[in-house]
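> Have a look at this one before I ask anything.
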Amino acid sequence: MNTQMAPREAFRRLTPFKISLAAFVLISLSGCGSNPSQAATQGGLALKPTTSVTSTSVTSTSIVSDDLGCEEGPRDALQKRISAQNNALSRGAFEDAREFASPSFRQNVDPSAFQALIESGFPFLLKGNPAAFGRCQIVDDTATIEVRFADDAPVTLVYFLIWWEDQWWIDAASPAVDSLRDKVEAS
């Protein structure tokens, strides 16, 4: 009796497995490449109100996935840190806003350079527009979180924060790629 399977029979048996594996990988990765506005239309997200504690209370709406990349406690700390810096920027208090930056950032970017950076590259932060917090991820002592600012044309930034001396510090922020908007503008 021959126990070896013909190649065609082996392929037929593996095909459902391959299809299932491909579907699983595709579904798993589909959330990784979307931005908060796209993800909200996919139905996998819920809106939760959050309050940031700063010198003046700021309320914003957060986009929070059921599958959080950050636990609620660290996520709140990240949001409060970013909201506090943005509150200072909306008041024109550049030196106060710079105090939320990481020590290495402050060492490399003096107060006048920080002000010039915000005014030229991120002027929408000076308007005090509401912010929606999106996907969040913490790996070791580094966190990333998406923040969408309401403006004439909404802007999404990815903030990079580091954990140092028992608190989060803003190390950088960079515009997020908005593939949906890019597709609309290109068509």
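What the sequence shown shows, in my numbering, is residues 8 to 194, in sequence order. C-beta atoms are modelled at their ideal positions from N, C-alpha and C, and glycine is treated no differently.
(1) List the DSSP bridge partners of S181.
(2) Within this structure, are the beta carbons of A95 and I177 separated by less than 8 Å?
(3) Within this structure, are the beta carbons of W171 and P110 separated by less than 8 Å?
(4) Taking all protein chains shown into account, do 16 or more other C-beta atoms lie within 10 angstroms of the C-beta of Q114, making it buried, or fewer, making it exposed?
(5) Going by other Cβ atoms of all chains shown within 10 Å of its Cβ, with 16 needed for buried, is G51 buried or exposed?
(6) Taking its Cβ as the centre, do 16 or more other Cβ atoms sit within 10 Å of Q144, making it buried, or is it exposed?
(7) Is it right to say G128 is buried, meaning 16 or more other beta carbons lie within 10 angstroms of its own, or is it exposed?
(8) Run through DSSP, which three-state label would F140 get?
(9) Could you spell out the range, first to last residue, of the beta strand (DSSP E) harbouring F156?
(10) Under a Cβ-count criterion, where at least 16 other Cβ atoms within 10 Å of its own Cβ denotes burial, should S181 be classed as buried or exposed?
(11) Going by beta carbon distance, what residues of the same chain come within less than 8 Å of L133, once the five residues before and after it are set aside?
(12) Do A138 and F167 have their CB atoms nearer than 8 Å?
(13) Measuring only the C-alpha atoms, how far is I169 from A150?
(14) Among residues of its own chain, excluding the 5 on either side of D148, which ones have a beta-carbon nearer than 8 Å to its beta-carbon?
(15) Return the chain-ordered list of same chain residues with a C-beta closer than 8 Å to the C-beta of C77, the five sequence neighbours on each side being excluded.
(16) Need the endpoints of the alpha helix (DSSP H) that E126 sits in, please.
(17) In this structure, does DSSP put A84 in helix, strand or coil?
Quick look at the numbers:
(1) V165
(2) no
(3) yes
(4) exposed
(5) Caution is warranted here: a pLDDT of 32 is assigned to G51, below 50, making its placement in the model unreliable, and the coordinate value is therefore given only provisionally. Exposed: under 16 other Cβ atoms inside 10 Å.
(6) exposed
(7) exposed
(8) strand
(9) T149 to F156
(10) exposed
(11) L96, S97, G99, I125 and E126
(12) no
(13) 6 Å
(14) I169, W170 and W171
(15) L85, C143, Q144, I145, A150 and I152
(16) P118 to G128
(17) helix
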